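Peer 1:
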Amino acid sequence: MFRPCIDLHENQVKQIVGGSFTDDGNLLQTNFTSGCSSAWYAELYRKDDLRGGHVIQLGSGNETAAHEALAAFPGGLQLGGGVNLDNAPAWLDAGASHVIVTSWVFRDGILDEERLNKLVKAIGQERLVLDLSCRQRDGEYWIVTDRWQKFTETNITDKTLDHLSSHCAEFLVHAVDVEGKQAGIDLELVEKLADGSPIPCTYAGGARSLTDLESVHQRGNGRIHLTIGSALDIFGGTLKYEDCVAFNRQHAR
């Protein structure tokens with residue numbers, strides 16, 4: 113099923129090329145900067161009952177826009193970017209259905225089980241989404257953190273997915289190598305997630321057409337949601353947002 117997104121940088125809604133957000137906070141390649149507010153997008157998704165989309169803060173200074181989006185669609189959007197033990201409860205109180213976490217639980221490239229357990233205890237497994245966004249290296253998919261710049265020591269395997277599924281409600285996985293490029297879906301990764309994940313999973317990266325949406329639905333055995341960003345007409349692309357909404361309605365019957 114189609115899931116929407118709101119990516120924020122400097123309190124503006126933007127679409128970027130994956131992996132181009134550097135440690136100094138600069139965006140090396142921006143596909144689109146919207147003239148509409150984050151709340152405008154959230155209200156659109158609320159009107160069409162598109163639940164489960166994500167609001168991602170790309171760096172600091174996006175709190176105002178993030179709060180505005182959550183207030184416009186309370187309980188309908190997940191919130192990620194800079195989430196940790198201290199601020200996760202506040203984001204949930206602000207209207208996020210879930211918080212999305214990666215870097216805080218993968219410290220220095222290693223999964224910090226103590227941090228993960230503390231977070232689960234604080235907010236509940238049912239309110240946590242683990243971001244397992246990854247890049248390929250030596251034929252395997254490795255989880256990356258810190259604006260997708262740093263490789264961890266954890267790769268995407270059935271064992272990894274099974275273990276982490278006991279700590280969260282969902283996975284969010286950006287295929288960073290194709291993210292924002294509209295160059296097609298990484299179907300190998302989609303199939304790996306469909307085969308190995310015991311819990312719901314949202315894939316993002318490379319989507320450019322309704323055919324891609326259908327491919328993810330079929331190759332993912334109906335178990336993998338697809339986030340579409342840059343390709344949508346509401347983000348400057350050519351794929352009609354309305355057609356994606358219609359796809360969901362058709363397959364929800």
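Taken in order, the sequence shown gives residues 113 to 365; the numbers are from our numbering.
The beta carbon of each residue, even a glycine, is placed where N, CA and C say it ideally should be.
Source: prediction; values computed, not measured.
1. Rounded to whole angstroms, how far is the Cβ of Gly348 from the Cβ of Phe144, which I believe are closer than 8 angstroms?
2. Going along the chain, which residues of its own chain have a beta-carbon closer than 6 angstroms to the beta-carbon of Val232, five neighbours each way excluded?
3. Apart from the five residues on each side of it in sequence, which residues of its chain come closer than 6 angstroms, Cβ to Cβ, to Gly221?
4. If Val290 and Gly317 are in contact, beta carbons under 8 angstroms, what's the gap, nearest whole angstrom?
5. Rounded to whole angstroms, what is the Cα-Cα separation between His329 and Leu223?
6. Hey, which unbroken runs of the alpha helix (DSSP H) at 4 residues or more fall wholly within the region 201-277?
7. Would you check if the distance between the CB atom of Gln237 and the CB atom of His210 is smaller than 8 angstroms?
8. With 16 as the cutoff for other CB atoms within 10 Å, does Thr387 come out buried or exposed?
9. Indicate whether Thr257 and Phe218 have their beta-carbon atoms separated by less than 8 angstroms.
10. To the nearest angstrom, how far is the alpha carbon of Leu156 from that of Gly165?
11. Just the Cα atoms here: how many angstroms apart are Met113 and Gln127?
12. DSSP beta-bridge partners for Glu282?
13. Alpha carbon to alpha carbon, how far is Gly194 from Gly173? Give it in angstroms, no decimals.
14. Give the secondary structure of Ile346 by DSSP, where H, G and I count as helix, E and B as strand, and everything else as coil.
15. Pick helix, strand or coil for Phe144, following the three-state DSSP scheme.
16. Is Gly165 helix, strand or coil by DSSP?
17. Buried or exposed: Lys304, going by 16 or more other Cβ atoms within 10 Å of its Cβ?
18. Just to confirm before moving on: does the CB-CB distance between Asp270 and Ala287 stay below 8 angstroms?
19. For Pro201, collect the residues of the same chain with a Cβ closer than 7 angstroms to its Cβ; drop the 5 residues on either side in sequence, then sort them by chain order.
20. Whose CA, out of Trp203, Gly332 and Glu300, lies closest to the CA of Pro310?
21. Helix or strand or just coil, what does DSSP make of Phe114?
22. Restricting to Cα atoms, I'd like to know which of Asp250, Lys352, Ser277 and Cys117 is closest to Asn229.
23. Is the separation between the beta-carbon of Glu180 and that of Ser149 shorter than 8 angstroms?
24. I need the boundaries of the beta strand (DSSP E) containing Lys352, first residue and last residue.
25. If you run the structure through DSSP and keep just helix, strand and coil, what is Ala287?
26. Straight-line CA distance for Phe359 to Gly341?
Peer 2: Taking the geometry as given:
1. 4 angstroms
2. His279
3. Thr264 and Glu265
4. 5 angstroms
5. 30 angstroms
6. 225-235 and 270-277
7. no
8. No answer is possible for residue 387: it lies beyond the span of the chain, which begins at 113 and ends at 365.
9. yes
10. 12 angstroms
11. 21 angstroms
12. Val241
13. 11 angstroms
14. helix
15. strand
16. strand
17. buried
18. no
19. Ala234 and Ile235
20. Gly332
21. strand
22. Ser277
23. yes
24. Premise fails: Lys352 is in no beta strand (DSSP E) and is neither H nor E.
25. strand
26. 16 angstroms
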